[in-house]
Amino acid sequence: MSKAVVSGLYDSDVFRMACRQFDQAADAINLAEDIRDRTKYPRRCLAVAVPVRRSDGSVTVFEGYRVQHSLSTGPSKGGIRFHESVTLGEVAALAMWMSWKCSLVGLPFGGAKGGVIVNPRDLSLSELEHLSRRYMQELIGFVGPEVDIPAPDVGTNEQIMAWMMDTYSNHVGHVSPAVVTGKPLSLGGSEGRREATGVGVAYLVGKYLADMKVPVGGATVAIQGFGNVGGETAIALSLMGARIIAVSDYTGGIYNPAGIDIKKALAYIRYAGVLKDFDGGEPIGNEQLLELECTVLVPAALERVITKDNAPRLKCRVLAEGANGPTTNEADRIIEARGDIELIPDVLCNSGGVIVSYFEWLQNLQSFYWGRDEVISKLHAILDKAKDSVEYQKRKFSFGRRLAALTLGIGRVAEAKQKRGLFP
Ligand code: GLU
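Just so you know, the sequence shown maps onto residues 53 to 476 in my numbering.
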């Protein structure tokens, strides 16, 4: 028997949600008691105060975190989020999901996540640079190509990764590209990394629609979130012939049943910063968007947007989780009971990002770079294998698809920990 002696350090809705998913998966595969808590709880976390000198000469201190959930199968891996709603509990839940995701798709990484409580839009470019560098500086000793490898997430991008890589490299005294992924191409970034998450979401949506015998050409798509993941998913799915009927960002959404011109919408965002007032369709709220009648619904923003309230009203055939943790435990149960929606769970659906991050890390370590076609075909091969293994697990144990994916991811982490044994 094991019994964790833990405080409420991570306690929050989203951490409890990730723990409930874990408990359900652990029960479903009868995970041995003596390995459960070791597999479930984050290995370690760091909370840092990040002082930034503002353009007006004043100083603002921002709070930041890094949670390393598992270090048993390799360095930990996961993005850094700059968002005003970041909490330690959220970062811990996201780190847990990174562990299951990396394990499910067979990457030699544990899971991690970082975050700073900040709205990056409130900072000037030079304040953003100072924040990114100082946060990385506080993490030195806790990260590294063989320890923990950050990447972009909500509110961070290639430029921020470049500043972080430069800060770390200055510290160690030589260029160390493999310390972060999602870098610009000129600094050792990988071909295909920027669009990898969206390309992966679209590829899997295409595969599941084919299984359902629904042609992508006739499919309609609603996407909540128009950042890197939502934007690239929209581009990839429209290239495959689907009609994107709604997109949204935090300022609201656009609905156009005839199809939104995605190139125009992205160009508008580059110019205006937000989707608000884009004239390519009717305005629509974020809540309304989720309940639109469509073939594919892609939540590609934050956690816990599909809830017990809107789950009964979803009118999609496929729910493709581009975001991490968009569906609450209660909504999961409702969707499963309905039985008319094919769920592509986050740990599978959005794994394209970290898969190409793995390729970027490999290319950095070997200083030998691949072309885009090679990257994308290797990405597809890993996604195919992961999808097949999830479908096999689902059939073999009559699990829902999320449970199938989580039991595979969690089972492998637990097995590695079991085999390594407990030291001392
Ligand atoms: N932030 C992304 C995710 O949630 C990518 C992480 C990475 O590339 O390490 O999967």
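Positions of the beta carbon are idealized from the N, C-alpha and C atoms, including for glycine. Keep in mind it's a predicted model, so treat the numbers as computed, not measured.
- In this chain, residue 117 is not harboured by any alpha helix (DSSP H); it is covered by the beta strand (DSSP E) spanning 111-120.
- Taken from the Cβ of residue 170, every heavy atom of the ligand GLU lies 7 Å or farther away.
- It is roughly 46 Å from the alpha-carbon of residue 228 to the alpha-carbon of residue 450.
- Shortest gap from the CB of residue 213 to any heavy atom of the ligand GLU: 7 Å or more.
- In this structure, residue 161 places its C-beta atom within 8 Å of the C-beta atom of residue 126.
- In this structure residue 177 is exposed. Its beta-carbon is surrounded by fewer than 16 other beta-carbon atoms within 10 angstroms.
- Taken through DSSP and simplified to helix, strand or coil, residue 379 comes out as strand.
- The C-beta distance from residue 210 to residue 170 rounds to 18 Å, too long to fall under 8 Å, and the pair is not in contact.
- One thing to note: residue 90 has its Cβ no nearer than 8 Å to the Cβ of residue 471.
- Pairing residue 83 with residue 406, the inter-Cα distance amounts to about 26 Å.
- Judged by their CB atoms, residue 356 and residue 63 are not nearer to each other than the 8 Å cut-off.
- Sequence-distant partners of residue 307 (beyond 5 residues in either direction) whose C-beta falls short of 6 Å from its own C-beta, in its chain, are 298, 333, 334, 336.
- Proximity of the beta carbon of residue 205 to the ligand GLU is indicated: a heavy atom of the ligand is located closer than 7 Å.
- Inclusion of residue 402 in the 7 Å shell around the ligand GLU follows from its C-beta lying nearer than that to a non-hydrogen atom of the ligand.
- In the three-state reduction of the DSSP assignment, residue 199 falls in the coil class, being assigned neither a helical nor a strand state.
- For residue 307, the uninterrupted beta strand (DSSP E) run begins and ends at 304-307, by DSSP.
- In the displayed model, residue 370 falls within a strand according to three-state DSSP.
- Between the ligand GLU and residue 233, a heavy atom-to-CB distance of less than 7 Å is present.
- At a cut-off of 7 Å, the beta-carbon of residue 151 does not count as near the ligand GLU: no heavy atom of the ligand is closer than that.
- Residue 97 has its alpha-carbon roughly 12 Å from the corresponding atom of residue 139.
- Taking 7 Å as the cut-off, one finds at least one heavy atom of the ligand GLU near enough to the beta carbon of residue 406.
- With fewer than 16 neighbouring CB atoms inside 10 Å of its own CB, residue 226 falls in the exposed class.
- DSSP, reduced to helix, strand and coil, places residue 145 within a helical segment of the structure shown.
- Contact annotation: the segment 113-131 touches the segment 150-160, with at least three C-beta pairs closer than 8 Å.
- Rounded to the nearest whole angstrom, the C-alpha separation of residue 168 and residue 133 is 6 Å.
- Put simply, of 313, 243, 341, 187 the residue whose alpha carbon is nearest the alpha carbon of residue 422 is 243.
- In the three-state scheme derived from DSSP, where H, G and I count as helix and E and B as strand, residue 263 is classed as helix.
- Judged by DSSP in its simplified three-state form, residue 393 adopts coil rather than helix or strand.
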